[in-house]
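Q: Note that the sequence shown ends on residue 192 in my numbering; no numbers are left out. Each residue gets a CB set at the ideal place from its N, CA and C atoms; glycine is no exception. Dropping the structure in here first, questions after.
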Amino acid sequence: MTHAIHGAHVPLATHWFMGWGFTSDARPQSFASCWEQVVLPLPAQGICCAVLKTRLATPAWQALQRWMAGCWPQVQWLVVDAAEIAHITTPSVSQRVAQRFGTGSVSEALALHAAQTHAVPARGKAAAGGLLVPRLVSEDRCATLAIAAGCLSSPPFPTGVHS
């Protein structure tokens, strides 16, 4: 069974790769505001969230973990160095973000990187075909979310935080 998203048919049983960008003062409401803008059925196989390693020392990281645990207790986390997303081309482009991180959107680059790194090709198709949800910005402008999808290979990381 598939679902049409932006003209492409995506299997409903895919794994979601969520890229989260956020300021150090983002709160649970910031993340909820992004999520409320997503209008897709949940994936059947699970969710992996990618965040920048530099964000782990912020209060917002704790807020994101608490908020995600309330929604999806079995979420997998992927911690990414900023150098790993530099030069990833994204549909959204912020000049400020491009100057600082070398990519147009942190959340989009994280989602694409996670999907390209941890998804496997499905019958003659690329492992990750792009974004299901381009960058969404929270109402308070403290968080961004982008989502890519793919079929997860064997789980590359257990539930919890790993780099």
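When you compare each of Cys78, Arg95 and Pro57 to glutamate 137 by their alpha carbons, which one comes out closest?
A: Translated into positions along the sequence shown, residue 137 becomes position 108. Checked all of Cys78, Arg95 and Pro57; the closest Cα to glutamate 137 is Cys78.
Q: Please report how far the alpha carbon of cysteine 180 lies from the alpha carbon of leucine 161, in whole angstroms.
A: For the purposes of this step, residue 180 is identified with residue 151 of the sequence shown, where counting begins at 1. For the purposes of this step, residue 161 is identified with residue 132 of the sequence shown, where counting begins at 1. Distance between the alpha carbons of cysteine 180 and leucine 161: 14 Å.
Q: Can you tell me whether tryptophan 49 is helix, strand or coil according to DSSP?
A: For the purposes of this step, residue 49 is taken as the residue at position 20 of the sequence shown. Looking at tryptophan 49 - three-state DSSP - the assignment turns out to be strand.
Q: Going straight from the alpha carbon of leucine 85 to that of arginine 95, what length do you get?
A: Sequence index remark: in the sequence shown, residue 85 carries index 56 (1-based). Sequence index remark: in the sequence shown, residue 95 carries index 66 (1-based). If I take the Cα positions, the gap works out to 13 Å.
Q: Should the region 46-53 be regarded as contacting the region 164-172, the criterion being three or more beta carbon pairs within less than 8 Å?
A: A contact exists between the region 46-53 and the region 164-172.
Q: Under 8 Å between the Cβ atoms of phenylalanine 46 and alanine 178?
A: The residue you call residue 46 lines up with position 17 of the sequence shown. The residue you call residue 178 lines up with position 149 of the sequence shown. Yes, they are a contact pair.
Q: Taking its Cβ as the centre, do 16 or more other Cβ atoms sit within 10 Å of valine 122, making it buried, or is it exposed?
A: As a working mapping, residue 122 is identified with position 93 in the sequence shown. Valine 122 comes out exposed.
Q: Please classify valine 126 as buried or exposed, where buried requires at least 16 neighbouring CB atoms within 10 angstroms.
A: As a first step, residue 126 must be located in the sequence shown, where it is residue number 97. By the 10 Å Cβ count, valine 126 comes out buried.
Q: Which one of Val68, Gln91, Leu174 and Arg56 has the shortest CA to CA distance from valine 135?
A: On the sequence shown, position 106 is the one that residue 135 refers to. The shortest C-alpha separation from valine 135 is found at Leu174.
Q: Alpha carbons only, please: which of Asp54, Ala144, Asp169 and Arg170 is nearest the one belonging to isoleucine 205?
A: No statement about residue 205 is possible, as the shown extent of the chain runs from 30 to 192 and does not include it.
Q: Assuming threonine 132 and threonine 146 make a contact with CB atoms under 8 Å, what is their CB distance in whole Å?
A: In the sequence shown, the residue the question calls residue 132 occupies position 103. In the sequence shown, the residue the question calls residue 146 occupies position 117. Contact flag wrong, Cβ pair sits at about 15 Å.
Q: Cα separation between phenylalanine 130 and leucine 69?
A: Position 101 of the sequence shown, counted from the start, is the residue given in the question as residue 130. Position 40 of the sequence shown, counted from the start, is the residue given in the question as residue 69. Rounded to whole angstroms, phenylalanine 130 to leucine 69 spans 29 Å at the Cα level.
Q: Output the distance between the C-alpha atoms of valine 104 and leucine 93, rounded to the nearest integer angstrom.
A: Reading the sequence shown from its first residue, position 75 is the one you call residue 104. Reading the sequence shown from its first residue, position 64 is the one you call residue 93. Approximately 12 Å, taken between the alpha carbons.
Q: Check for me: the beta strand (DSSP E) holding alanine 79 runs from which residue to which?
A: Walking along the sequence shown from the start, residue 79 turns up at place 50. 76-81 is the extent of the beta strand (DSSP E) around alanine 79.
Q: Are alanine 148 and isoleucine 176 close, meaning C-beta to C-beta below 8 Å?
A: Indexing the sequence shown from 1 puts residue 148 at position 119. Indexing the sequence shown from 1 puts residue 176 at position 147. Cβ atoms of alanine 148 and isoleucine 176: not closer than 8 Å.
Q: Along the alpha helix (DSSP H) that carries glutamine 128, what are the first and last residues, could you check?
A: Here residue 128 corresponds to residue number 99 of the sequence shown, with the count starting at 1. Where glutamine 128 is concerned, the enclosing alpha helix (DSSP H) stretches over 124-130.
Q: In angstroms, rounded to a whole number, what distance separates the CA positions of glutamine 128 and alanine 112?
A: On the sequence shown, position 99 is the one that residue 128 refers to. On the sequence shown, position 83 is the one that residue 112 refers to. Straight through space, the alpha carbons of alanine 112 and glutamine 128 are spaced by roughly 13 Å.
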